[in-house]
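Structure, as structure tokens:
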Amino acid sequence: MVIGLIGMAGIGKSHWAARLADAGFTALHCDDLIAERLRSEHNADTVTVYDIGRWMGFPYEAHYAARERTYLTCEQEVMVEIAERIAEEDNIVIDMTGSVIYLDPALIQRIRRHATMVYLADDPELRKQLLEEYLVRPRPIVWNGLYQPQPDEPPAATLARCYLHLVHDRATRYRQISDVVLEPALHRNSAFTVADFLAAIRAKG
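Under this note's numbering, think of the first position of the sequence shown as 52, with each following residue one higher.
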């Protein structure tokens, strides 16, 4: 079985990838692979996902647009390599980034031929929490043109307003490429085990 975890940054994909790794899966953490590529090819000081967030910055900063493009290029390259790997190997969990939905649709379909895509869904309360975490300690977020400031609007207000639009738009996109949807009542529940997680996937098979 190959599992692809999708959902917003901070929703818990890395948490579940780690739990599945403890159960015997090989975990591929896309953020780590992108950070490595940014270091080696673009001389970026990136080791952790928060380093990438700091490097990318907020969408109102002058350098953001160019770095957003660089990030997506690196992500595309990483996912091409992963697509090649999962065509040959099994028992893998892919901890995908929140922006995987913006990659080449043909590449997404290629990955879906080999991986069961599991969407870790959010809800209004979680969206508020994720926004607060992003403002305090930003992870890399690709806004894909959805950061649209209004005249005389402070950047923080624009972020809060546009973030809700972003997560709503992404939720639709995630569901379109998902095979299994796990709601927060399940995937954020400490009593929901790896066995339960795998059973939920098999039940959709």
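Don't be surprised by glycine CBs; every beta carbon is placed ideally from N, CA and C.
Only a predicted model underlies this, so the values are computations on that prediction, with no experimental measurement involved.
*Does any C-beta atom of chain C lie closer than 9 Å to the C-beta of ILE252?*
The chain inventory of the structure shown lacks chain C, comprising one protein chain alone.
*Please report how far the alpha carbon of TYR111 lies from the alpha carbon of ALA251, in whole angstroms.*
40 Å
*What span of residues does the beta strand (DSSP E) with LEU56 cover, start to end?*
53–57
*asked:* Just to confirm my understanding: we take ASP174, look at its own chain, exclude 5 residues before and 5 after, and list those with CB closer than 8 Å. What are they?
replied: GLU234 and PRO235
_VAL258 classed as buried or exposed, judged by whether at least 16 other C-beta atoms fall within 10 angstroms_ = Residue 258 lies beyond the residue range present for the chain, which begins at 52 and ends at 256; the question has no answer from this structure.
*Can you tell me which of the three DSSP states TYR198 falls into?*
coil
*Reducing DSSP to helix, strand and coil, say where LEU79 ends up.*
strand
_Quick check on DSSP: helix, strand or coil for TYR111?_
coil
*What three-state label does DSSP hand VAL231 in the structure shown?*
strand
*With 16 other CB atoms within 10 Å as the buried threshold, where does ASP155 fall?*
exposed
*Taking the continuous beta strand (DSSP E) assigned at ASP146, which residues delimit it?*
143–146
*Helix or strand or just coil, what does DSSP make of LEU154?*
coil
_Which of helix, strand or coil DSSP assigns to VAL245_ = helix
*What residues match up with LEU171 in a beta bridge as DSSP calls it?*
LEU233
_With a threshold of 6 Å on Cβ separation, who are the neighbours of GLU119 within its own chain once the five nearest residues in sequence on each side are excluded?_
VAL193
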